[in-house]
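So the sequence shown is numbered by numbering that gives the first Met the number 0: it starts at 0 and just counts up by one. Just so it is clear, CB atoms sit at the ideal spot from N, CA and C, and this is done for glycine as well. Treat the numbers as computed from the prediction; the structure is a model and nothing was measured. Report on the following structure.
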Amino acid sequence: METRKESEWIFKVVWAWQDEREEKWLEEQAAQGWHLEKVAPFFYKFLQGTPSRVIYRMDYKRTTDQDYAEYRDIFTLCGWELVAEMANWHYYRISPENSETPEIYSNDHSKAQKYRRLLIGLVPVMVIFTTIFNPALSRGLLNARNQGDAWVYQAAIAFRVVIFLLLVYVIIRILVKIRRLESGKKE
């Protein structure tokens, strides 16, 4: 990349099972001269530079794993640059030396393992959601505080239902992705 002229944040909704679509979009941005710098949920910060062919790949790996340093070293030795991290997602890029597109996974089975690691990462979220945000617990706290604010309780219940259904939907979509990869079916 050349001299950086400006940066820009872009909002884009992409879900965990759509990482290949996200990678392709990041590559299109680089071809237009916008290179990824930071990532936040649904937000991407790009720096303007020289348009170039850059390959992006995403991987899910917990930073608390014992082999995390070795994991990072392997990517570095293979020429991948870690661009950004967000919620255990790692955004890597490489400038290919020829027309071949480098990959970080050699087959669909190993790619399915990435989604399994993601599901394991979602388990604590589900546990926290179902215990800490338990409606019975919240109702008791709400009744103890404000006897007259039933609408607040109803809104909190509706919010919890929506979030719970969203989490279930995410888990189902990831399970479908794993099944497709392991069966060799294309999306």
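*Relative to the C-alpha of residue 23, which residue among 178, 60, 53 and 10 is closest?*
Within the sequence shown, residue 23 is the residue found at index 24, counting from 1. Closest option to residue 23, Cα to Cα, is 53.
*If you pair each beta-carbon of the stretch 150-166 with each one of the stretch 100-109, do three or more pairs fall below 8 Å?*
no
_Extent of the continuous beta strand (DSSP E) run through residue 187_ = No statement about residue 187 is possible, as the shown extent of the chain runs from 0 to 186 and does not include it.
*Distance between residue 60 and residue 113 (C-alpha atoms, nearest Å)*: If you number the sequence shown from 1, residue 113 lands on position 114. If you number the sequence shown from 1, residue 60 lands on position 61. Those two C-alpha atoms are separated by around 8 Å.
*Given residue 46 as reference, the closest of 33, 39 and 28 once Cα atoms are compared*: As a position in the sequence shown, residue 46 is number 47, starting the count at 1. Answer by Cα proximity: 33.
*Of all the options 39, 66 and 96, which has the alpha carbon lying nearest to the alpha carbon of residue 79?*
Translated into positions along the sequence shown, residue 79 becomes position 80. Ranking 39, 66 and 96 by Cα distance to residue 79 puts 96 first.
*asked:* Can you tell me whether residue 43 is helix, strand or coil according to DSSP?
replied: Residue 43 sits at position 44 when you count from the first residue of the sequence shown. Note: residue 43 maps to strand in three-state DSSP.
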